Amino acid sequence: FLFSLYERDGEPYDSGTTCDVLVWSWVQPIEEDGPLVIVADLDNGSLLNEGREDDPEFEMPNVRCGKEGDTMCMMSYYATKDIKAGEELLCDYADFASFHGWPDMGL
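Residue numbers for the sequence shown follow the working numbering, so the first one is 6 and each next one is one higher.
Laid out in structure tokens, this is it:
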């Protein structure tokens, strides 16, 4: 699969315009008490950058995954405040991604 990212019709893409889909992937369960799965967000969620409430090196998130009170992220994103035109969309990846899940996936 990754080979196909770098080559199309036998012609390689240049390294400046290709990327590894795993850069936009993370590990999380997608159902209550379900197994961990690898998620690659290639839709509107890929436009969210990381913000963190508890880390002064990051800006505060203005988007969350799931409605208030949801126990899991089901890839539905909601603004936590009014967002102005041009303002960066930020969510806390730790709300849904298992940062230490890659070894559990054998990667």
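A virtual CB, placed ideally from N, CA and C, is assigned to each residue, including glycine. Computed from a predicted structure; not experimentally measured.
From the DSSP output, which residues share a beta bridge with residue i?
i: Y98; result: None; Y98 has no bridge partner.
i: E55; result: C96
i: W31; result: V44
i: C70; result: Y82
Do you know whose CA, among the options, lies nearest residue i's CA?
i: N49; options: V42, G39, V68, E58; result: V68
i: M80; options: P40, V28, L52, D38; result: L52
i: F104; options: C70, N54, L41, E73; result: L41
i: Q33; options: C70, D59, G74; result: C70
i: G39; options: T76, G91, T85, I88; result: T76
i: E92; options: D109, F101, N54, W107; result: N54
i: E58; options: A102, L95, W31; result: L95
i: G56; options: E37, F101, A45; result: F101
Starting from residue i, trace the beta strand (DSSP E) in both directions and tell me its first and last residue.
i: V44; result: 41-45
i: A84; result: 82-84
i: V26; result: Looking at the DSSP string, V26 is not in any beta strand (DSSP E), and its letter there is neither H nor E.
Applying the criterion that 16 or more other CB atoms from any shown protein chain within 10 Å of the CB defines a buried residue, is residue i buried or exposed?
i: V28; result: exposed
i: P66; result: buried
i: V26; result: exposed
i: D97; result: buried
i: L47; result: exposed
i: L112; result: exposed
Shorter than 8 Å from the beta carbon of residue i to some beta carbon of chain C?
i: H105; result: Of the protein chains in the structure, only one exists, and it is not chain C.
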